[in-house]
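Inspection log for the structure reproduced underneath, given as structure tokens.
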Amino acid sequence: MSLSPASANRLLIALGLVLILSWGSLYYSLAVLALPLRTELGFSELTVFGAFTLGVLVSGLAAPAVGRWIDRSGGRGPLALGSILAALAFVLLATANGLVVYFLGWLIAGAAMALCLYDPVFVVIHQVLPDRFRRSVTVLTLFGGFASTVFWPLSHWLVEIAGWREALLMFAAFQLLIALPVHLFMVPPKPGVGDSSAAAEALSMHAQSAPAPPEKIELAWLSLAFASAMGVFGALSLFLIDALESRGFDRADAVWLAAAIGPMQVVGRLVEWRFANRSRAVTVGAVSLSLLLVSTLLLNLISPYWVLGLVFAAFYGIANGLLTVVRSTVPVEIFGPANVGATLGHLARPAFVVKALMPAIFAGLLAAGVQMSVALWTLAAFAALAIVAYWRLFVARERSNQNRRQRRMQLDRQALEP
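Numbering-wise (this note's numbering), the sequence shown opens with residue 2 and increments by one.
Now the structure itself:
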């Protein structure tokens, strides 16, 4: 069946709300739950966050397989399984009294992340709303951007009135009572799987005029661009306040400047939504990576003046907000609609792995005696590498297109020979 505009809007709102729930509980809540958890279980900070890091690594490693599954069968089953695994993970974490159950809980949570966070939802949207894909992705990221805003205070409130174990059990209930029904009853089947809907016809027509699928070298360059950028965000997600202090800002100013980044992410996504019909996704990708490089250079060079700090926060936040969108829209625009799940999953794996490992690597550099200024210049180098890799993608793409044109000309000549 074809989704009416009203049904499409209801689907986007429902999936957006579930993304707030899933991102908030699976990814952001640990920042609040870590202290009471450590106090009761006696775990070190490294143990608490190390298990979470392993979960994120599992998410990245599983991403290609999840993408291929959604390409074949649609997203209803994978998203529903993600909700079930998330609930199971929270139950295990809530009952954990030792390392084995605690680590097992986060490993299962990592599998759930691969099944029900941004990338799988984006693939589903591309299948059922191909003509609205880019703006729909932006809308969903706007919802997801509120996950920490909702779940940090919610997690704190639940811990205060009940305890961290009860908070995790409440998260499990959210998954089973809210997320699972949305995934089971609102996510349509994949167009073309027992369905002759207009969405399937639109997707088929789009595929007929689509660009050629990616070559391995093209995927490698785009993977490097996204992974390098995600490495910067991964490191600064934990060390941004310390980095700003190293530039001469006092602690309070550093906290306020870091807090300004979230609203700037929303600004970037709103601008992308507003101009989605007037600009190409690849152009937005170039803007995002350029702003990231400029912001890392500013972070290395600025003096402790509020205006300069706000310029950094604006550029860095907008770059972060845009990158979440372009990670899904750029591959579709360049490579076409075929096997979107596999393509996004392939690109997600190195990005998630680097994002998971980068905080530990950055902390290791500082622990080894590397000065913060040197470490920050390393992040600027990562941002520059992202731009170079992004540029090399288009060089490789043009070369591949030339080779394809030459092969077609040879086949045409052979067909004309007597």
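Ideal placement from N, C-alpha and C gives every residue a C-beta, glycine not left out.
As assigned by DSSP and simplified to three states, the class of residue i
{"i": "serine 197", "result": "With a pLDDT of only 46 at serine 197, under the threshold of 50, the placement of this residue in the model should not be trusted, and no figure is reported."}
{"i": "isoleucine 303", "result": "coil"}
{"i": "glutamine 176", "result": "helix"}
{"i": "proline 338", "result": "coil"}
{"i": "leucine 36", "result": "helix"}
{"i": "arginine 350", "result": "helix"}
{"i": "glutamine 403", "result": "helix"}
{"i": "serine 30", "result": "coil"}
{"i": "methionine 171", "result": "helix"}
{"i": "proline 190", "result": "coil"}
{"i": "arginine 279", "result": "coil"}
{"i": "asparagine 321", "result": "helix"}
{"i": "methionine 315", "result": "Checking the displayed sequence, the identity of residue 315 turns out to be alanine instead of methionine. Helix."}
{"i": "glutamate 46", "result": "helix"}
{"i": "alanine 364", "result": "helix"}
{"i": "alanine 369", "result": "coil"}
{"i": "proline 79", "result": "helix"}
Alpha-carbon to alpha-carbon, residue j and residue i
{"i": "asparagine 402", "j": "valine 333", "result": "17 Å"}
{"i": "serine 137", "j": "leucine 13", "result": "7 Å"}
{"i": "alanine 113", "j": "isoleucine 388", "result": "31 Å"}
{"i": "arginine 420", "j": "phenylalanine 227", "result": "The structure shown does not extend to residue 420, since the chain spans only 2 to 419, so no value can be given for it."}
{"i": "proline 305", "j": "leucine 86", "result": "46 Å"}
{"i": "serine 30", "j": "glutamate 399", "result": "44 Å"}
{"i": "leucine 94", "j": "leucine 47", "result": "17 Å"}
{"i": "proline 190", "j": "serine 74", "result": "8 Å"}
{"i": "tryptophan 257", "j": "proline 215", "result": "43 Å"}
{"i": "alanine 236", "j": "methionine 359", "result": "5 Å"}
{"i": "alanine 115", "j": "leucine 4", "result": "26 Å"}
{"i": "threonine 40", "j": "threonine 54", "result": "20 Å"}
{"i": "leucine 386", "j": "alanine 7", "result": "43 Å"}
{"i": "isoleucine 335", "j": "arginine 281", "result": "10 Å"}
{"i": "leucine 155", "j": "alanine 174", "result": "14 Å"}
{"i": "serine 224", "j": "valine 129", "result": "26 Å"}
{"i": "isoleucine 362", "j": "arginine 11", "result": "42 Å"}
{"i": "valine 272", "j": "alanine 9", "result": "22 Å"}
{"i": "valine 268", "j": "lysine 217", "result": "34 Å"}
{"i": "glycine 249", "j": "threonine 379", "result": "19 Å"}
{"i": "alanine 382", "j": "threonine 297", "result": "9 Å"}
{"i": "leucine 294", "j": "valine 233", "result": "10 Å"}
Cβ-based neighbour list, residue i, same chain, cut-off 8 Å, excluding 5 preceding and 5 following
{"i": "valine 122", "result": "Leu16, Leu20, Gly76, Leu80 and Leu141"}
{"i": "leucine 185", "result": "Arg77 and Ala81"}
{"i": "phenylalanine 147", "result": "Ile21"}
{"i": "valine 151", "result": "Ile21 and Gly25"}
Proximity test, residue i beta-carbon vs the ligand FMN heavy atom, cut-off 8 Å
{"i": "leucine 366", "result": "Annotation note on the ligand FMN: not contained in the displayed structure, which lists no ligands."}
When the options are compared against residue i, the one with the closest alpha-carbon
{"i": "serine 291", "options": "Val308, Gly318 and Gly310", "result": "Gly318"}
{"i": "alanine 110", "options": "Leu178, Tyr28 and Ser238", "result": "Tyr28"}
{"i": "valine 375", "options": "Ala314, Ile335 and Leu302", "result": "Leu302"}
{"i": "valine 355", "options": "Val49, Ala9 and Val57", "result": "Val57"}
{"i": "alanine 260", "options": "Ala314, Pro190, Trp153 and Arg279", "result": "Ala314"}
{"i": "histidine 157", "options": "Ser229, His347, Ile126 and Leu38", "result": "Leu38"}
{"i": "valine 90", "options": "Ala390, Leu169 and Val272", "result": "Correcting the residue type first, residue 90 is alanine in the shown sequence and not valine. Selected option, being the one with the closest Cα: Leu169."}
{"i": "glycine 342", "options": "Val124, Gly43, Leu34 and Phe172", "result": "Val124"}
{"i": "glycine 99", "options": "Arg133, Phe44, Phe134 and Ala244", "result": "Phe44"}
Proximal residues to residue i (C-beta, below 7 Å), its chain only, five neighbours per side dropped
{"i": "arginine 461", "result": "Residue 461 lies beyond the residue range present for the chain, which begins at 2 and ends at 419; the question has no answer from this structure."}
{"i": "arginine 350", "result": "Gly61, Leu62, Ala64 and Pro65"}
{"i": "threonine 96", "result": "Val102"}
{"i": "methionine 231", "result": "Ala352, Val355 and Lys356"}
{"i": "serine 23", "result": "Ala87, Cys117, Leu118 and Ala180"}
{"i": "methionine 187", "result": "Leu12 and Ala15"}
{"i": "leucine 324", "result": "Ala230 and Ser289"}
{"i": "arginine 133", "result": "Ala9"}
Contacts around residue i, its chain only, beta-carbon distance under 6 Å, and the 5 residues preceding and following it disregarded
{"i": "methionine 373", "result": "Ser247"}
List, from N- to C-terminal side, the beta strand (DSSP E) runs of 3 residues or more that fit wholly inside the segment 107 to 151.
none
My parser needs the beta strand (DSSP E) runs of 3 or more residues fully inside the segment 219 to 300; what are they?
none
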